[in-house]
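FYI, the numbering for the sequence shown is 856 to 1106, going by the numbering used here.
Idealized CB from N, CA, C, for every residue including glycine.
A quick note: this is a predicted structure, and the numbers were derived from the prediction, not measured.
Here's the structure, in structure tokens; my notes come after.
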Amino acid sequence: MSFQFTAQTSADGVLTRSFALGEIAGVLWSPASSAGPTPLVLLGHGGGRDSKAPPMVGRAHRLVSDAGFSVACIDAPGHGGRPRSAIDEREIAAMQQAMATGEPVGPIVVRYNLDLAERAVPEWQATLDALQQLPDLADGPVGYFGLNLGTAIGVPLLAAEPRISAAVLGIFWYDDALAKAAAQITVPVEFLVQWNDEHIPRTSSLALFDAFASAEKSLHANAGAHKDVPRFEFDSAVRFFVRHLSRRRNT
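Take a look at the structure:
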């Protein structure tokens, strides 16, 4: 697959470049001026969003401006402008039907998100291969941030990808397949849980956290519903990546 930048803008010290890798679309944010290779954080977006969604843009700008990192996000299969498969259409319709009738949506979300992860993990690996060919990213430390769908993709990605050395994950259900992948992960992990999540049972979140084999893992539990993750949690994520990725860069 051929990698190419398709658009470029620069504002407030952040260079924003859209890119394409085959049918994969994504965005790379970097310091507008850099003295050398920068750590890279991969952002996994949530379900129904894409690489250009406001939360992705805001998080990327924080990591570039506050930490001097580069940040990349790609559209998951069936998201953004990417065509939906028959599986995408079927599962999205099933989720909408469950929400309309008040039935539990969790089993459908888990099933669908794990299917998306199976397709997305090799795309992320191909993207990382291409990005690390760029002079400002060559062989630098890599982190991963992803909640919801970003966790469903991130857990198997971390299990398969030794180049990622720290991750912030959370707001997702326990599943045996995810737990098996989590048991292969030993890098530092920060894991978010919403204590009053109306969709994800607390015991399910805690069981997934417990499955990680990381010697350094911390649980961040906050009061509130599924979508009420406090803004200060991303402040913590920035500090987490500065601590782990900058430390590796300096060794």
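Per DSSP, the unbroken alpha helix (DSSP H) holding G913 starts and ends at 909 to 922.
Secondary-structure assignment with DSSP links T864 through a beta bridge to T871.
Secondary structure within the region 929 to 960: the alpha helix (DSSP H) runs of 4 or more consecutive residues, fully enclosed, are 941 to 956 (chain order).
Going by beta carbons, A993 and Q987 fall inside the 8 Å limit.
Taking 8 Å as the cut-off, the beta carbon of A931 is found closer than this to the beta carbon of L1004.
Within the region 974 to 1004, the complete beta strand (DSSP E) segments of 3 residues or longer fall at 997 to 1001, listed in chain order. S906: not part of any alpha helix (DSSP H); DSSP gives it neither H nor E. D991 is positioned such that its CB atom lies no closer than 8 Å to that of T871. Secondary structure at P1011: helix, using DSSP grouped into helix, strand and coil.
The criterion of a C-beta distance shorter than 8 Å is not satisfied by G1025 and T1041.
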